[in-house]
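**Student:** Residue numbers (the UniProt record's numbering): 1 to 661. Take a look at the following structure, please.
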Amino acid sequence: VGMDKALNQLSVPLGQLREEVMSLKACVSEGIQAVDDRMTKQEDIRRKKMCVLRLIHVIQSVEKIEKILHSQGTKELSSLEGNSPLLTGQVLERIATEFNQLQFHAVQSKGMPLLDKVRPRIAGITAMLQQSLEGLLLEGLQTSNVDIIRHCLRTYATIDKTRDAEALVGQVLVKPYIDEVIVEQYVQSHPNGLQAMYNKLLEFVPHHCRLLREVTGGAISSEKADIVPGYDFLVNSVWPEIVRGLEEKLPSLFNPGNPDVFHEKYTTSMDFVRKFERQCGSQASVKRLRSHPSYHSFNNKWNLPVYFQIRFREIAGALEEALSDTLEEAPAGSSYCLLATHMVWMSLLKCWSDQMFLPLLAHRLWKLSLQILARYSVFIGEVSVRPISSENIKESKKSVPAGRKESSISLNPSEDQGNGSSPESQPLPSISSTQLVYVAADLDKLQDQIPDILEMIKPKLEMIGFKNVSCIAGALEDSKTSLSACMPTLNNRIIQDLSESSFAYLKSALEVPRLYRRTNKEVPTKASPYVDSALKPFYRLQNEYKDVLKQPVIHQWLEGALSESTQKYYETVSDVLSSVKKMEESLKRLKQARRTVTSNPVGTNGGMSDDNKIRLQLALDVEYFGEQIQKMGLETSSIKSFSALTELVLTAKDQATAEQS
């Protein structure tokens, strides 16, 4: 009750209080605005005052420098002797110090009308100072006055013009010497002309830059107290002029057309770069040199990819030419039998020889080495599936001139293309047994020499700082495994060829019945001639290839081939004995039917029957066959089916002996 009345009574004083607060706020805002305006005016005044002070400093510095120059000029006119170079150097240092302040204030006062009026006077001072510094530096260099050079370089550093001093030295001191030394005609007409030119260039630093290096701290004898820091004349003066001279006056230096000449020029040039780096006074100087644009320009001028492509074509072309003809033997003195394998090894040696290897191409040469081994692995795979030629075909191939053989090979593809036949339809060229043996011998020898490749590569890789040798060894091991995978196929082909060559004579056992049936021949006492003929391929393998093949390989081939041929020989002898037995039983039945003795297949001398002579002859053949196997150094127990063959003929022999007795 009465709340509305109480609220109405409060609203009147609250409204008055609000008006008072708002009035106070307006007064405060006006006060703040007044203070801000005064502060802004003061800031503007301060800024204008600073501009005026800077302009005053500019005018004072200009007048001070002009006064120094005027007084210096008056002294020079009044004195016959003139000032000493040291005094001139000190004056230039004073001018440079004042000029440095002048430059600072002038930059701060940029855009001021008064500065534009004073700018011609500043430009005159700048030109005079630059001219005086250049003249003083040249005077110091010509007179070998260390104090002049020190004062001059310190002055250049004071006005932040060190690069101008280095450029001046490059143009005045270095360039004439470089133009005199780098002469293309001299380099091309004199033996070791390039090396002699580089030696003269290296002589420039100790002979002509000694004082500069002493003053700037590039020499060992420099005293730290008198060193003028901030200069590197070798990097910024000498090296750019050398590169300019080589690029302009000796452009043939970078021509990769002749790879041998290019390799010699490149190695000689890189040796020169290393010697020049040694002349730098510190590691920091060497880093500055290697990051200099002219350093990168010089390195980029050497077209290493083109050089590698030329070398790649040389190696790959010679290798492919050798792989295209497997019948050609390796040259005398080679450790390999075939030219193809000889060229593979020579290609690997060439990749890492000092006459071809370049550190920046190590990764490409390593890839090429793996490609060579992979290509040889493919070549072995292609050779292992070629048909083996007979002796007659082999002899006829030997009589064909190499030129005709190559021309026939090169013409066939074009003829086939004209006829529209596919490459798969072309017959594979044949290979002789001897060449197949040579391939296997070379493959085995190359696998043994793969560790030598690693030993040959390691020093080259260490030269470029590569230390992950296990990676290289693993890749070579993979290549060796790839080559090893070709051996079983080659072994089987050679074993099959030996077996077929031997069995071609062993199957003459089928002719034994014809030799004894109704021929009235004597009882056999020695083995048939076909056994010796069948053993000739094995003896030839042992005798002719003992210097080429390892003894375990020969034994492996002999055991495999003898096992295959013995198995076939067993089947043949078994068939002959079965046929003899059937014939014998047939004659017995005929005898019983006719009941006469005329059909008895007995010789005229009343001795052993023809069938028993056949059995005895086969027994003698097998017995002699076993003796010869043992003479080869093999055990008959390791020859499959030989024990069954021996048992078969011994049974037949016992039967013949029993009937005879």
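Heads up, the beta-carbon is just placed ideally off N, CA and C, and yes, glycines get one too. Owing to the predicted nature of the structure, the values given are computational and were not obtained by experimental measurement.
From Pro206 to His190, what distance separates their C-alpha atoms?
**Tutor:** Near 25 Å, if we compare the C-alpha coordinates of His190 and Pro206.
**Student:** From Leu577, Gln567, Thr566, Asp611, pick the residue whose C-alpha is nearest to that of Leu587; which is it?
**Tutor:** Leu587 has its Cα closest to that of Asp611, out of Leu577, Gln567, Thr566, Asp611.
**Student:** Which residue from Val344, Leu348, His363, Leu428 puts its Cα closest to that of Glu382?
**Tutor:** Taking only the C-alpha atoms, the option nearest Glu382 is Leu428.
**Student:** Quick one: is Gln617 buried, meaning 16 or more other Cβ sit within 10 Å of its Cβ, or exposed?
**Tutor:** With 16 or more Cβ atoms within 10 Å of its Cβ, Gln617 is classed as buried.
**Student:** Please classify Val531: is it buried, with 16 or more other beta-carbons within 10 angstroms of its beta-carbon, or exposed?
**Tutor:** With 16 or more other Cβ atoms within 10 Å, it is buried.
**Student:** On the DSSP letters alone, give me the boundaries of the alpha helix (DSSP H) that Pro206 sits inside.
**Tutor:** Segment 193 to 208, the alpha helix (DSSP H) holding Pro206.
**Student:** Identify whether Ile431 lies in helix, strand or coil by the three-state DSSP scheme.
**Tutor:** DSSP places Ile431 in strand when its eight states are reduced to three.
**Student:** Is the CB-CB distance between Lys631 and Ser563 below 7 Å?
**Tutor:** No, Cβ-Cβ distance for Lys631 and Ser563 is not below 7 Å.
**Student:** So, are the CB atoms of Phe233 and Leu212 less than 7 Å apart?
**Tutor:** Yes, Cβ-Cβ distance for Phe233 and Leu212 is below 7 Å.
**Student:** Quickly, what does DSSP pair Ile388 with across the bridge? List them, please.
**Tutor:** DSSP output for Ile388 lists Ile431 as bridge partner(s).
**Student:** With three or more beta-carbon pairs closer than 8 Å as the criterion, would you say the region 149 to 159 touches the region 233 to 248?
**Tutor:** No, the region 149 to 159 does not touch the region 233 to 248.
**Student:** Ser609 by DSSP, collapsed to three states: which one?
**Tutor:** If DSSP states are grouped into helix, strand and coil, Ser609 belongs with the strands.
**Student:** Going along the chain, which residues of its own chain have a beta-carbon closer than 8 Å to the beta-carbon of Ser482, five neighbours each way excluded?
**Tutor:** Closer than 8 Å at Cβ, skipping near neighbours: Leu373, Ala374, Ser377.
**Student:** With C-beta atoms as the reference, is Tyr177 less than 7 Å away from Phe204?
**Tutor:** Taking 7 Å as the Cβ cut-off, Tyr177 and Phe204 qualify as a contacting pair.
**Student:** Cutting at 6 Å between CB atoms, please list the residues of its own chain near Ser421, excluding the five before and the five after it.
**Tutor:** For Ser421, the predicted model reports a pLDDT of 40, less than 50, meaning its position is unreliable and no value from the coordinates is stated.
**Student:** Whole angstroms are fine: how far does the CA of Val385 sit from the CA of Trp345?
**Tutor:** Computed Cα separation, rounded: 23 Å.
**Student:** For the pair the region 259 to 270 and the region 353 to 370, tell me if three or more CB-CB distances fall below 8 Å.
**Tutor:** Result yes; three or more Cβ-Cβ pairs closer than 8 Å.
**Student:** By Cβ distance, which residues of its chain are closer than 8 Å to Val228, with the 5 residues on each side in sequence left out?
**Tutor:** For Val228, where only same-chain residues beyond five positions count, the Cβ hits under 8 Å are Arg150, Leu153, Arg154, Ala157, Val215, Thr216, Gly217.
**Student:** Under three-state DSSP, which class holds Thr651?
**Tutor:** The answer is helix: DSSP assigns Thr651 an H, G or I state.
**Student:** Assuming Lys581 and Ala619 form a contact by the criterion Cβ under 8 Å, report the distance between their Cβ atoms to the nearest whole angstrom.
**Tutor:** That pair is no contact at about 15 Å.
**Student:** Kindly indicate the opening and closing residues of the alpha helix (DSSP H) around Arg493.
**Tutor:** It spans 487 to 506 - the alpha helix (DSSP H) in which Arg493 sits, taken as one unbroken run.
**Student:** DSSP three-state label for Gly418, please.
**Tutor:** Legend: pLDDT at Gly418 = 40, less than 50; position of this residue unreliable, value from coordinates given subsequently. If DSSP states are grouped into helix, strand and coil, Gly418 belongs with the helices.
**Student:** Leaving out five residues before and five after Cys486 in sequence, what residues of the same chain have Cβ atoms less than 7 Å from its Cβ?
**Tutor:** Once the five neighbours on either side are set aside, the close Cβ partners of Cys486 are Ser377, Ile380, Gly381, Ser384, Leu443.
**Student:** Using the Cβ count rule (16 or more neighbours within 10 Å means buried), how would you classify Asp621?
**Tutor:** Buried, because 16 or more other Cβ atoms sit within 10 Å of the Cβ of Asp621.
**Student:** Within the continuous alpha helix (DSSP H) that includes Lys175, where are the two ends?
**Tutor:** Residues 175 to 181.
**Student:** Assess, as a yes-or-no matter, whether the region 531 to 546 is touched by the region 458 to 475 under the definition of 3 or more beta carbon pairs within less than 8 Å.
**Tutor:** The region 458 to 475 vs the region 531 to 546: no contact.
**Student:** Alpha carbon to alpha carbon, how far is Leu446 from Thr341?
**Tutor:** About 8 Å.
**Student:** Glu329 bridges to which residues according to DSSP?
**Tutor:** Note: Glu329 sits in a beta bridge opposite Leu338.
**Student:** What does the alpha-carbon distance come out to for the pair Glu462 and Asp448?
**Tutor:** Spanning the two alpha carbons is a distance of roughly 24 Å.
**Student:** Could you check whether Tyr570 and Leu498 sit closer than 7 Å to each other, using their CB atoms as the reference points?
**Tutor:** Contact: no.
**Student:** Please report the straight-line C-alpha distance between Thr598 and Ala658, rounded to a whole angstrom.
**Tutor:** Residue confidence for Thr598 is low, a pLDDT of 47 falling below 50, so the modelled location carries little weight and cannot support an answer.
**Student:** Going by CA-CA distance only, name the one from Leu141, Arg278, Ala509, Ile65 that's closest to Thr126.
**Tutor:** When each option's Cα is compared against that of Thr126, the closest is Ile65.
**Student:** Note down the Cα distance separating Asn491 from Ser430, rounded to an integer number of angstroms.
**Tutor:** When rounded, the distance between both Cα atoms is 17 Å.
**Student:** Are Ala656 and Thr572 close, meaning C-beta to C-beta below 7 Å?
**Tutor:** Going by C-beta atoms, Ala656 is not nearer than 7 Å to Thr572.
**Student:** How far does the alpha helix (DSSP H) with Trp352 in it extend, from its first residue to its last?
**Tutor:** No alpha helix (DSSP H) contains Trp352, which DSSP labels as neither H nor E.
**Student:** Put Leu443 into one of helix, strand or coil per three-state DSSP.
**Tutor:** Helix, per DSSP.
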